[in-house]
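Per full-length UniProt numbering, the very first residue in the sequence shown carries number 1; after that it's consecutive.
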Amino acid sequence: RLSGLGYCFSASQPPMLAASAIEALHILQEQPHNFNCLFFLIKCLPFCFFYISSQNGKYITVNGKSCINMSTFNFISMVGNKQIQDRAVKALRVYGVGSCGPRGFYGTMDVHLELEDELAKFMTSEEAILYSYSFATIASAIPAYSKRGDIIFADENVGFAIQKGLIASRSHIKWFRHNDMEHLESLLIEQNKADKKNPKKAKVTRRFIVVEGLYLNTGKICPLPKLVELKWKYKVRIFLEESMSFGVLGETGRGVTEHFDISRDNIDLIAGSLENSIASVGGFCCGKKFVIDHQVYIKFRNTIFGRRMFFRSLLVDLREKCEKIHDKLKNVTHIQLIGDPISPIKHLMLTEPASDRDLDMHTLEMVVDYAMNEGVALTIARHLDSEENNLLPPSIRLSVNCELTDEEINKVVSVISDAFREVLQKLSSVDMKSPLDSVKQGDGEQIASR
Numbered sequence: 001r002l003s004g005l006g007y008c009f010s011a012s013q014p015p016m017l018a019a020s021a022i023e024a025l026h027i028l029q030e031q032p033h034n035f036n037c038l039f040f041l042i043k044c045l046p047f048c049f050f051y052i053s054s055q056n057g058k059y060i061t062v063n064g065k066s067c068i069n070m071s072t073f074n075f076i077s078m079v080g081n082k083q084i085q086d087r088a089v090k091a092l093r094v095y096g097v098g099s100c101g102p103r104g105f106y107g108t109m110d111v112h113l114e115l116e117d118e119l120a121k122f123m124t125s126e127e128a129i130l131y132s133y134s135f136a137t138i139a140s141a142i143p144a145y146s147k148r149g150d151i152i153f154a155d156e157n158v159g160f161a162i163q164k165g166l167i168a169s170r171s172h173i174k175w176f177r178h179n180d181m182e183h184l185e186s187l188l189i190e191q192n193k194a195d196k197k198n199p200k201k202a203k204v205t206r207r208f209i210v211v212e213g214l215y216l217n218t219g220k221i222c223p224l225p226k227l228v229e230l231k232w233k234y235k236v237r238i239f240l241e242e243s244m245s246f247g248v249l250g251e252t253g254r255g256v257t258e259h260f261d262i263s264r265d266n267i268d269l270i271a272g273s274l275e276n277s278i279a280s281v282g283g284f285c286c287g288k289k290f291v292i293d294h295q296v297y298i299k300f301r302n303t304i305f306g307r308r309m310f311f312r313s314l315l316v317d318l319r320e321k322c323e324k325i326h327d328k329l330k331n332v333t334h335i336q337l338i339g340d341p342i343s344p345i346k347h348l349m350l351t352e353p354a355s356d357r358d359l360d361m362h363t364l365e366m367v368v369d370y371a372m373n374e375g376v377a378l379t380i381a382r383h384l385d386s387e388e389n390n391l392l393p394p395s396i397r398l399s400v401n402c403e404l405t406d407e408e409i410n411k412v413v414s415v416i417s418d419a420f421r422e423v424l425q426k427l428s429s430v431d432m433k434s435p436l437d438s439v440k441q442g443d444g445e446q447i448a449s450r
């Protein structure tokens, strides 16, 4: 899918260059032996892409320049931790790479069972089960319990993995507005009325509420106390996805239940990721024994190795840095700050978006490129536009690291402020057109000459 490479173009390059390269890619799809297009791409692509040549950490090297990393989910700096790396090397020498088989056949090793026990104890749950792939965790857990004819009440801004799990379940999905508990309750009341009209059907229909602890798409925390209240009032089950909140929220990183001091017995299933704060791979589900046993029975999984949990001081530092950067970003002009103050995920949207989504994306790409040149690595929140349930406006997604100093926070905010101001001033002085609109249809030779 060559055309997909267009997403990687650096916005600081002339739009004509990037647009011409995209057009050349399209022609190559139809004319694989068009050497003029091929030579053009060989010349222009090195100037259109960002190259990352260092390990992920608080700083990364982009195009040979060291930048403060505000792009990746290394919230508590587990990436590059010497103790973790040494433990991983020891595990490799004992177990090799991978389990070389499915979970239910010969893929289970002692460390898998040990990590499941540790996770269950850490989350104060009866049992836990590991998954080899974080995305597949909630995407397969939902259809493991909810089937055709069941009803799921889901927040409209849940992540893509949850959306795929909802589709796979073939259940009836009722969307409620983001974190709007009044809207959710109105849907539950409506369902209650329908159940009373057909009690026979209601007896065999299961009802679920599916939410995220900390939403990747908005940086906001779910109102869990109200959700638990509605759960018991209307007799529904709660599935809680904690990929972003695990290792971030709560005094010891146990997630949104600890953050609100709510017993995990109120939650029917908790799913989380080991690929964000933990800096590993895979995911997990935890809950009551009969809930987890059901997953073990119907699924076979490859799983991963484990590591120790979080230091409280890291979580305190992280929340402090999140609040500091949030307070400073609130005063930056031209941006709409989305996300809760203590959330390490924050979104920056344009206060005055254009009528064309592509133009807004191009504007944000220019902001990202400006910031990179000033030593701050940013990223735009990417979506599969045609498949998203509720496509949000384009935004720059910030990820806060617990090791950021006050000086680095000030630099990040200053660079972001300057980037938006300079880019918007520059664009206001030119005729705004979509970069692709300026490319006329032509053969490979015309494109190469451009």
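The C-beta atom is built at its ideal place from N, Cα and C for all residues, glycine as well.
Distance, residue j Cα to residue i Cα
i: D358; j: F160; result: 21 Å
i: H183; j: H383; result: 26 Å
i: L166; j: I416; result: 37 Å
i: E126; j: F239; result: 16 Å
i: I68; j: A91; result: 31 Å
i: G80; j: H326; result: 26 Å
i: R148; j: H172; result: 7 Å
i: G57; j: K200; result: 56 Å
i: E118; j: K324; result: 33 Å
i: S243; j: V211; result: 11 Å
i: P353; j: S66; result: 31 Å
i: P393; j: I335; result: 12 Å
i: K203; j: R264; result: 26 Å
i: D110; j: G250; result: 29 Å
i: T351; j: L337; result: 9 Å
i: G107; j: C100; result: 6 Å
i: R307; j: M181; result: Legend: pLDDT at R307 = 35, less than 50; position of this residue unreliable, value from coordinates given subsequently. For R307 and M181, the distance between alpha carbons rounds to 37 Å.
i: T333; j: L230; result: 39 Å
i: D261; j: E116; result: 23 Å
i: L329; j: S54; result: 28 Å
i: A381; j: L227; result: 27 Å
i: R177; j: C222; result: 12 Å
i: L391; j: T379; result: 17 Å
i: V248; j: D150; result: 32 Å
Of the residues the options, the one placed nearest residue i, counting alpha carbons only
i: K321; options: L427, D406 and N81; result: D406
i: W175; options: N389, L398 and V413; result: N389
i: I396; options: K196, D360 and E422; result: D360
i: N401; options: E387, S386, A377 and D117; result: A377
i: V413; options: G107, F208 and M70; result: M70
i: E403; options: M78, S54 and Q55; result: M78
i: W232; options: A168, G213, N266 and P223; result: N266
i: V134; options: I278, E229, N331 and D261; result: The sequence shown places Ser at residue 134, not Val. Out of I278, E229, N331 and D261, I278 has the C-alpha closest to the C-alpha of S134.
i: G213; options: V158, N192 and I84; result: V158
i: P143; options: E114, N198, S429 and R206; result: R206
i: L364; options: L427, A168 and D317; result: L427
i: K289; options: S186, V248, A128 and M349; result: A128
i: N410; options: R93, N331 and M349; result: N331
i: S140; options: D385, M349, H362 and I270; result: I270
Close Cβ partners of residue i (< 7 Å) along its chain, the five nearest in sequence each way excluded
i: G339; result: T218, G219, K220, I345, K346 and H347
i: K196; result: none
Own chain, CB closer than 8 Å to residue i, minus 5 neighbours either side, in chain order
i: D418; result: Y370 and E374
i: Q163; result: E387, E388 and N389
i: V97; result: none
i: N198; result: none
i: I52; result: I60, T61 and V62
Residues near residue i by beta carbon distance below 6 Å, same chain, minus five either side
i: R319; result: I342
i: F246; result: G255 and G272
i: R237; result: F208 and D268
i: E408; result: I68
Cβ separation of residue i and residue j, assumed to be a contact under 8 Å, to the nearest whole Å
i: I138; j: S146; result: In fact, because the Cβ distance is near 12 Å, the residues do not count as touching under 8 Å.
i: S355; j: F75; result: With 8 Å as the limit, S355 and F75 do not qualify as a contact, their Cβ atoms being about 36 Å apart.
i: D155; j: N192; result: Not a contact, Cβ separation roughly 20 Å.
i: N276; j: F73; result: 4 Å
i: Y234; j: L188; result: 4 Å
Residue i at chain D interface by Cβ criterion, 9 Å
i: V94; result: Among the chains in the structure shown there is no chain D, since it carries only a single protein chain.
Proximity test, residue i beta-carbon vs the ligand COA heavy atom, cut-off 8 Å
i: S71; result: By its list of ligands, the structure shown contains no ligand whatsoever, and the ligand COA lies outside what it can speak to.
| With contact counted as at least three CB pairs below 8 Å, one residue from each stretch, are the stretch 281 to 291 and the stretch 248 to 259 in contact? | Flag = no, the stretch 281 to 291 and the stretch 248 to 259 do not touch.
| At least three beta-carbon pairs within less than 8 Å, the stretch 416 to 428 to the stretch 366 to 376 | For the pair of segments examined, the stretch 416 to 428 was found to touch the stretch 366 to 376: the number of CB pairs separated by less than 8 Å reaches three.
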